[in-house]
Amino acid sequence: MKTYTNTGNIDTRSGFGAGLEILGDSNPNVVALCADLTGSLKMNAFKDKHPDRFFQVGIAEANMMGIAAGLTIGGKIPFTGTFANFSTGRVYDQIRQSIAYSGKNVKICASHAGLTLGEDGATHQILEDLGLMKMLPGMTVINTCDFNQTKAATIAIADHDGPVYLRFGRPKVANFTPKDQSFEIGKAVKLQEGTDVTIVATGHLVWEALEAAKTLHEQGIAAEVINIHTIKPLDDKAILSSVKQTGCIVTAEEHNYLGGLGESVSRVLAQHHPTPQEFVATQDTFGESGTPAQLMEKYGLNAKAIVEKSKKVLKRK
Amino acid sequence: MKTYTNTGNIDTRSGFGAGLEILGDSNPNVVALCADLTGSLKMNAFKDKHPDRFFQVGIAEANMMGIAAGLTIGGKIPFTGTFANFSTGRVYDQIRQSIAYSGKNVKICASHAGLTLGEDGATHQILEDLGLMKMLPGMTVINTCDFNQTKAATIAIADHDGPVYLRFGRPKVANFTPKDQSFEIGKAVKLQEGTDVTIVATGHLVWEALEAAKTLHEQGIAAEVINIHTIKPLDDKAILSSVKQTGCIVTAEEHNYLGGLGESVSRVLAQHHPTPQEFVATQDTFGESGTPAQLMEKYGLNAKAIVEKSKKVLKRK
Amino acid sequence: MISSLITAHKNVFVAQLLVYFCTKRYKMTTSSNLQEFVTQVRRDILRQVHKVNSGHPGGSLGCTEFFSVLFKEVLRAKDHFDMDGKDEDLFFLSNGHISPVYYSVLSRCGYFPVEELKTFRHINSRLQGHPTTHEGLPGVRTASGSLGQGLSVALGSALSKKLNGDKHLVYSLHGDGELQEGQNWEAIMFAAANKIDNIIATVDYNGQQIDGSTDDVLPMGDLKAKFEAFGWDVIEEENGNDIDAVRNVLAEAKSKTGQSKPVVILLKTIMGNGVDFMMHTHAWHGKAPNDEQLEIGLKQNPETLGDY
Amino acid sequence: MISSLITAHKNVFVAQLLVYFCTKRYKMTTSSNLQEFVTQVRRDILRQVHKVNSGHPGGSLGCTEFFSVLFKEVLRAKDHFDMDGKDEDLFFLSNGHISPVYYSVLSRCGYFPVEELKTFRHINSRLQGHPTTHEGLPGVRTASGSLGQGLSVALGSALSKKLNGDKHLVYSLHGDGELQEGQNWEAIMFAAANKIDNIIATVDYNGQQIDGSTDDVLPMGDLKAKFEAFGWDVIEEENGNDIDAVRNVLAEAKSKTGQSKPVVILLKTIMGNGVDFMMHTHAWHGKAPNDEQLEIGLKQNPETLGDY
Ligand SMILES: Cc1ncc(C[n+]2csc(CCOP(=O)(O)OP(=O)(O)O)c2C)c(N)n1
Ligand SMILES: Cc1ncc(C[n+]2csc(CCOP(=O)(O)OP(=O)(O)O)c2C)c(N)n1
Ligand SMILES: [Mg+2]
Ligand SMILES: [Mg+2]
């Protein structure tokens, strides 16, 4: 059993901030926009170093998306930053027409996704953003799992030609993937080999999946753990080749079970290899205030829940 | 083999207009709002008869959703009318916070959904609205198949306490379900019995599914056809009991195959009864200008496509 | 009904007198009594956000006088809260992040037990980080938190009142930074076009938002000129943290209702008002005081009505 | 480069003279020549929408003079279209439904074969119902159709030009009804706050939208006052269907760029202009003429440059 070391808890949004700072220095075409949440998005370093390439648009997310689209004309690579809800649901039609359908090279970077934003509560805790963005033709959808990976993804998407949605979060979580890794869009990362059950996790739940695999291992169950950082394009092959071995699968995401990663996986299975699947996800409810840990526990989004669902799906093989 | 008679082609949006007119006369609490598309939404009869209960909000859909939410306070039952894109993606966060999370009794009525709006092209042809709305906790999502059913659904949702998304369309299509039917939210309608393959269709594709079943019948294949007018809450039981008999399923929707009815069905299958499934849906592309028939042909959304997918999925049993 | 009489009546003085006698939930207080109320609310704000180390004290403190006057003296609300709010005045908070002041004032006006302030932003609480109807908290008729949506909802309820022949008024509060959201301008245009004159919107004109002053973030120019160009009746009040000034401006606003124009009050307030180190800066928009800072803040606002 | 010289130069007359000599795609025409162009464009509009029995003739006809003057005389565009549009003027159509006039003018200015107008709104065409970049149509840099988004995109491109030290201008067109969308006011506020002075936005001020006149649908009051309150330099032009007037107002607008303020032209036009039975009504906003009506319309606009 492979073990992963947490090199220290740190927020994924800081990975974005660190990546953006590097891009600011290395790529003069990178520009950044923010809608009155510069500190929360950790965009201050970029802003301070490159004030001319930083655009404060105020509390006007729709306008921000349009401006970002326009900035691509002339060769800029705009990174927008705001909370995940205001990066997606608030501006869906603007992203749809001015960015996705117009084929603009905009990077939509979204913090405070999911329940783990904590105390602000449901109005801010979007649990639908992966679904929203995955339905847009041409959109790449990424949900990174820790600081290192978020930093790497931020740097990588600047080189990808086309619109990208990059989702990360607020809480301090385990940082365990390699430092200065390279990030390959669309390529799932197998973290743990196993033959009994496949666990496909994204975002903050990847670490939880590893923890779950440990517990399962102690109970004699060999779980395969896949970090599916890219929700779209989905790495069908990685999923299918794993379930062909294990015969059952658990998906884990900080998202409504409707419309997100889980249903995308169900579709791949139904199209290619029908397989029992269980969902670690919110059950079509809004979130609420609380600490990240309390919420993950209450809404069943942690290692414990992954263990339970793994056992449940094993029985359904 | 049961046969259905087309009593004459007519647009589903006119079914909405007719239902709304009846509600206007029968229920004094029903009010209607429109964002500069009164004629397109067939709301003129209501407007002319009840000018005091009709609110023209201009080209400002976000405001319309908020006003509708506010009108419920004091006991009104607001029906909003605009195109499907501007009813959903344009105003997702407004619906999310002011209607769904606030539990407001608003009926979001959306015309010109999908490719069949025709010549206006992709900016207007939303293929993601079912997915958008289904992810919202508490939202009921309905996509009716013909004039009669749309009229019945319009009348029925006034009596349902809670937010509803009702989707219909622009083209003149077969009208074949019973006149003056009652409409039961969440209850799938089995139109055709069959043991070889289950076809679950919604909206304009229900008639196409019946046509497909005819063709399949001629070729010795007995298709079960289910009109799944309610996407959420989904009638899991009807789907599962059918596939338990047939062993394979085709879903048909005027929607992206990502995030819509098809993936919801995949999820139900993966959770309860893994089964081969094929998708009649758009393949993650934007639409384009053209006549409805041309577009349905080009994007594979007609009886022919349903026949092909049925045969394909049969082979995968 | 006396209350509908008042609405019909446009004379400020008489209206104020009538309010004095018939505010249902609470009897009219003197300014010094209300000052005690305000001081206690400030304590409640500080203690709520401190306990959970999150939430928005700055805007809350700046709007304490407004909430106190509105709920204690102006709003004619029925004794029992119901969602429909017929035959009573309504209030909508659009800038939902200032929930601490809203919760404190609601609880101290009897909407729910003051004790419940302890649960602010805790799990399983009705006192969510941003106000919501979802958990059934009395006093709240719409969720807010995602900015820019409240005016539309308030306008809808104002239209509902018109349809119902209900002469009561709708009040709403909005952040100044919040006005950068375009939906507000849709609503502002709509209200004037439709002569919605049973609404009094107030803008918390504190000149601050998250990333700095509004002038640093996105200078909004002359707000009065903007509202006037959009057809609203605009009242400016420089002293939004002065109880008498708030009382007078609300009375003046009320006197301007029913005249085919929506009314807005541009209420200059001081973010963080009443806690010296929090004043005149955006720094405390969404930051809780630590133990030491809490103590200083509470010392500046001694207990008056009893802590929860 | 001469073209950058022009931008730097603020004198209207000299600028116009220079335009005369160095517009790249087309040489300056006399007003009567341009009138022929306009007439042909009107024919193209009618024939496009008639053929496919859909599309938007009303707004298209009303903006024919504007497009003709802009593309034939004002816009300094490079010979070959590329998406980046560096070192040239840019144009963005926000009210995308008036694609027929856009397509006609683009094709007749050499962006793509005039013949292609035959494919308007057909399947597999680059001439989508609403303009798009998706099919690679030269001349188009953003999709539009869902209203209210174009100004933001135009502003982004204007900022891009500033970053690139590119002195050329950005032009944009918007419907008046379209201004009811709140996103416009976000953009309008942003542009003034950020002193974006390399943009000339034009509003097709025809007083009509789908459900009726703007006054019937949602009276917008004094648009000039609104833009001014939002910090823009506003130019009103009463005769938006007069070639000389359009030419002059565009020159005047250009002379006002570079002065730390965004510039908007409120261009009064007549919906359906040039086809008598289509004029002064919203009825032809989105309706195609039948065979007979087409004939009348064409008779009123005789062939000048050759039908496609
Ligand atoms: C749509 C939306 N965008 C961004 C935010 C994040 N946010 C919360 S409060 C705030 C600043 C609001 O400024 P203002 O309205 O002036 O309130 P104040 O800071 O004065 O309390 C922002 C940007 C939000 N809640 N909603
Ligand atoms: C967001 C959005 N809402 C509604 C529509 C439908 N629509 C198309 S054109 C139009 C009227 C536009 O009025 P105006 O901008 O004045 O253009 P004109 O009718 O004068 O050409 C409407 C409501 C749309 N295209 N986009
Ligand atoms: Mg403020
Ligand atoms: Mg117009």
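Chains as they are written, first to last, in my numbering: chain W, 1 to 317; chain L, 1001 to 1317; chain H, 2001 to 2308; chain C, 3001 to 3308. Glycine is no exception: its CB is placed at the ideal position from the N, C-alpha and C atoms. Remember, predicted model here, so these are calculated numbers, not experimental data.
Residue i at chain H interface by Cβ criterion, 8 Å
{"i": "Pro-3057/C", "result": "no"}
{"i": "Lys-298/W", "result": "yes"}
{"i": "Lys-1076/L", "result": "yes"}
{"i": "Asn-85/W", "result": "yes"}
Residue from the options with nearest C-alpha to residue i
{"i": "Ala-2283/H", "options": "Gln-2048/H, Asp-2222/H, Lys-2299/H and Gly-2212/H", "result": "Gly-2212/H"}
{"i": "Leu-216/W", "options": "Ile-99/W, Cys-145/W, Gly-103/W and Gly-194/W", "result": "Gly-194/W"}
{"i": "Ile-2235/H", "options": "Ala-2229/H, Gly-2207/H, Thr-2202/H and Asp-2216/H", "result": "Thr-2202/H"}
{"i": "Asn-3095/C", "options": "Gly-3085/C, Asn-3184/C and Gln-3300/C", "result": "Asn-3184/C"}
{"i": "Ala-3192/C", "options": "Gly-3207/C, Leu-3137/C, Gly-3231/C and Gly-3156/C", "result": "Gly-3231/C"}
{"i": "Gly-2059/H", "options": "Val-2069/H, Gln-2149/H, Ala-2077/H and Ile-2045/H", "result": "Ile-2045/H"}
{"i": "Lys-42/W", "options": "Ala-110/W, Asp-52/W, Asn-29/W and Asp-159/W", "result": "Ala-110/W"}
{"i": "Ala-122/W", "options": "Ile-157/W, Val-265/W, Leu-210/W and His-255/W", "result": "His-255/W"}
{"i": "Asn-1148/L", "options": "Ala-1303/L, Gly-1019/L and Lys-1317/L", "result": "Gly-1019/L"}
Presumed contact (8 Å Cβ cut-off) between residue i and residue j, rounded CB distance
{"i": "Ile-1095/L", "j": "Ile-1077/L", "result": "Actually they do not touch by this definition, with Cβ atoms about 16 Å apart."}
{"i": "Asn-1105/L", "j": "Asp-1161/L", "result": "6 Å"}
{"i": "Val-1197/L", "j": "Ile-1239/L", "result": "Not quite, the Cβ-Cβ distance comes to about 13 Å (not below 8 Å), so this is no contact."}
{"i": "Met-2189/H", "j": "Leu-3218/C", "result": "7 Å"}
Local conformation of residue i per DSSP, three classes
{"i": "Asp-11/W", "result": "strand"}
{"i": "Glu-1297/L", "result": "helix"}
{"i": "Gln-3128/C", "result": "coil"}
{"i": "Ala-3332/C", "result": "Because chain C here runs from 3001 to 3308, residue 3332/C falls outside it and cannot be looked at."}
{"i": "Ala-1252/L", "result": "strand"}
{"i": "Asn-1143/L", "result": "strand"}
{"i": "Tyr-2026/H", "result": "No answer about Tyr-2026/H holds up, because its pLDDT of 48 lies below 50 and its placement is not dependable."}
{"i": "Asp-235/W", "result": "coil"}
{"i": "Ile-59/W", "result": "coil"}
{"i": "Gly-2297/H", "result": "helix"}
{"i": "Arg-3108/C", "result": "helix"}
Minimum Cβ-Cβ distance from residue i to chain W less than 8 Å
{"i": "Lys-3310/C", "result": "It is not possible to answer for residue 3310/C, since the shown part of chain C is limited to 3001 through 3308."}
{"i": "Phe-3190/C", "result": "yes"}
{"i": "Ala-1122/L", "result": "yes"}
{"i": "Gly-2129/H", "result": "yes"}
{"i": "Asn-3273/C", "result": "no"}
{"i": "Asn-1256/L", "result": "yes"}
Beta-ladder partner(s) of residue i, from DSSP
{"i": "Glu-2236/H", "result": "Leu-2266/H"}
{"i": "Asn-1227/L", "result": "Val-1189/L and Ala-1201/L"}
{"i": "Pro-78/W", "result": "Val-31/W"}
{"i": "Thr-1195/L", "result": "Looking at the DSSP assignment, Thr-1195/L forms no beta bridge with any residue, so it has no partner."}
{"i": "Gln-277/W", "result": "Ile-249/W"}
{"i": "Lys-311/W", "result": "In DSSP, Lys-311/W forms no bridge with anything."}
Any C-beta of chain L under 8 Å from that of residue i
{"i": "Asp-284/W", "result": "yes"}
{"i": "Thr-3023/C", "result": "In this prediction, Thr-3023/C scores a pLDDT of 42, lower than 50, which makes its location untrustworthy; the coordinate-derived value is nonetheless stated afterwards. False, the Cβ-Cβ gap to chain L never drops below 8 Å."}
{"i": "Lys-317/W", "result": "no"}
{"i": "His-2134/H", "result": "yes"}
Cβ of residue i within 8 Å of any chain C Cβ
{"i": "Leu-2218/H", "result": "yes"}
{"i": "Trp-2185/H", "result": "yes"}
{"i": "Lys-2261/H", "result": "no"}
{"i": "Ala-2201/H", "result": "no"}
{"i": "Thr-1080/L", "result": "no"}
{"i": "Ile-1059/L", "result": "yes"}
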